[in-house]
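Per this note's numbering, the very first residue in the sequence shown carries number 1; after that it's consecutive.
Read the structure below first, then the notes.
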Amino acid sequence: MSRRSVKFVQAPGPTEDQLELILSAALRAPDHGAIKPWRFVLVRGADVPALVDVGVRAGIAADKPLPQPKVDNARKWLSKVPLVIALGCRPDPSGRIREQESLLAVGAAVMNMLNAAHALGFGAFWSTGMGTYLDGVGEALGFDALNERFMGYLAIGTPIDAPDPVRRPDWRDHVSEWHAPAEA
Ligand SMILES: Cc1cc2nc3c(=O)[nH]c(=O)nc-3n(C[C@H](O)[C@H](O)[C@H](O)COP(=O)(O)O)c2cc1C
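Rendered as C-alpha cells:
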C-alpha cells in the first residue's frame, strides 16, 4: 500500500544479494505458455549516464532529435542513479501465445521489481523516455531488433527526498460487478 514510484534516487543501489532478490521476484511473474519472455539488461554506476547518449544518437539518426531540455533533465537525473535495468520482451516466436500476453508478463515482472525494490527500502521508477521508442535504442542496449521489444528503463536507488504524499484513485471508481442474466 505504501509503494509509489520514486524517480530521483542516488547511491547506494542494491547490493548483489538485494539485486538477486529483485530479479528473482521479477521471474515470479505469471507467464502464459511458459514463454519466459523476460529480457533484462543491467546498467550500473558509471555506465548509467551514457544511456542518455544512446537516445540522443538515435534521435539524430532518425531525424527526430530529442528536445534539449529533456536531454538536460535526463542527464541530471541519471548522473545520480546507481542502477538501471533496461526492460525487454521476447514474445513467443511461434505466435501461439499472443504478443500482448508476453508484454503483460514483462509488465508483471516489472511490477514485482517495483514492489521488491520498495520492500527493500529503495525507490524505483519505470520510464519510457530517453528515446525508448526510437529505432536503434533497444538494439544499442543489446536487444534483438527483430525478435525482442525494448520496453524502457527501470531506475533503482536510494530515494533522495522524502516521498510526497500521493492520492490514489478510489477502487470503487474502477470496479463494477457482473451478474448472470436472468433465465428466460
Ligand atoms: C510503461 C510505463 C512507462 C512510463 N514512462 C514514463 C516516462 O517516460 N516519464 C514519466 O514521467 N513517467 C513515466 N511513467 C510513470 C511513472 O513510472 C510512474 O508510474 C508515475 O510517476 C506514477 O507513480 P506511481 O507509480 O507512484 O503511481 C511510466 C509508467 C509506465 C507503467
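Ideal placement from N, C-alpha and C gives every residue a C-beta, glycine not left out.
| query | Is any heavy atom in ligand 1 found nearer than 7 Å to the beta carbon of Arg167? | reply | By 1-based counting over the sequence shown, the position of residue 167 is 167. No; taking the cut-off as 7 Å, the Cβ of Arg167 has no heavy atom of ligand 1 nearer than that.
**Message:** If distances are taken between C-alpha atoms only, which option among Ala116, Ala46, Trp38, Gly142 comes closest to Arg190?
**Reply:** This structure gives no information on residue 190, because the portion of the chain shown stretches from 1 to 184.
message: Considering only heavy atoms of ligand 3, does any lie closer than 7 Å to the CB of Trp171?
response: The ligand content of the structure shown is limited to ligand 1, which means ligand 3 is not among them.
Item to check | Cβ-Cβ distance between Arg75 and Val52 below 8 Å | outcome: Numbered from its first residue, the sequence shown carries residue 75 at position 75. Numbered from its first residue, the sequence shown carries residue 52 at position 52. The Cβ atoms of Arg75 and Val52 sit closer than 8 Å to each other.
*Per DSSP, what kind of secondary structure is Val71 in: helix, strand or coil?*
Locating residue 71 in the sequence shown gives position 71, counting from the first residue. Helix, per DSSP.
For Gly107, which of Trp38, Ala182, Ile156, Met1 has the nearest alpha-carbon? For this step, residue 107 is matched to residue 107 along the sequence shown. For the residues Trp38, Ala182, Ile156, Met1, the minimum Cα distance to Gly107 belongs to Trp38.
Which of helix, strand or coil DSSP assigns to Ala86
As a first step, residue 86 must be located in the sequence shown, where it is residue number 86. Note: Ala86 maps to strand in three-state DSSP.
Let me check you understand the geometry: is the CB of Arg39 closer than 7 Å to at least one non-hydrogen atom of ligand 1? One-based indexing of the sequence shown puts residue 39 at position 39. No, ligand 1 has no heavy atom inside 7 Å of this Cβ.
### Query
Val43 lies in the beta strand (DSSP E); which residues open and close that run?
Looking up residue 43 in the sequence shown gives position 43. Taken as a continuous stretch (DSSP letters only), the beta strand (DSSP E) holding Val43 covers 38-44.
Quiz prompt | Arg57 - containing alpha helix (DSSP H), residue span | solution = As a working note, residue 57 is residue 57 in the sequence shown. Unbroken alpha helix (DSSP H) run through Arg57: 50-61.
Take His118 and list the residues in its own chain whose beta-carbon comes closer than 6 Å to its own, dropping the five residues that flank it on each side.
One-based indexing of the sequence shown puts residue 118 at position 118. These residues qualify, in order along the chain: Arg3.
ask   = Is there a Cβ from chain B that is less than 8 Å from the Cβ of Glu16?
value = Absent here is chain B; the protein component of the structure consists of one chain.
- Taking 8 Å as the cut-off, decide whether the C-beta atoms of Leu120 and Pro14 are in contact. As a first step, residue 120 is located in the sequence shown; it is residue number 120 there, counting from the start. As a first step, residue 14 is located in the sequence shown; it is residue number 14 there, counting from the start. It is a contact, given that the beta carbons lie within the stated cut-off.
task: Can you give me the start and stop residues for the beta strand (DSSP E) that Ala124 sits inside?
output: The residue you call residue 124 lines up with position 124 of the sequence shown. First-last of the beta strand (DSSP E) with Ala124: 123-127.
Rounded to whole angstroms, how far is the Cβ of Pro181 from the Cβ of Asn147, which I believe are closer than 8 Å?
For the purposes of this step, residue 181 is identified with residue 181 of the sequence shown, where counting begins at 1. For the purposes of this step, residue 147 is identified with residue 147 of the sequence shown, where counting begins at 1. With 8 Å as the limit, Pro181 and Asn147 do not qualify as a contact, their Cβ atoms being about 44 Å apart.
Subject >> Cβ separation of Phe40 and Ala105, assumed to be a contact under 8 Å, to the nearest whole Å >> reply: Residue 40 sits at position 40 when you count from the first residue of the sequence shown. Residue 105 sits at position 105 when you count from the first residue of the sequence shown. Contact doesn't hold; Cβ gap of about 13 Å is too wide.
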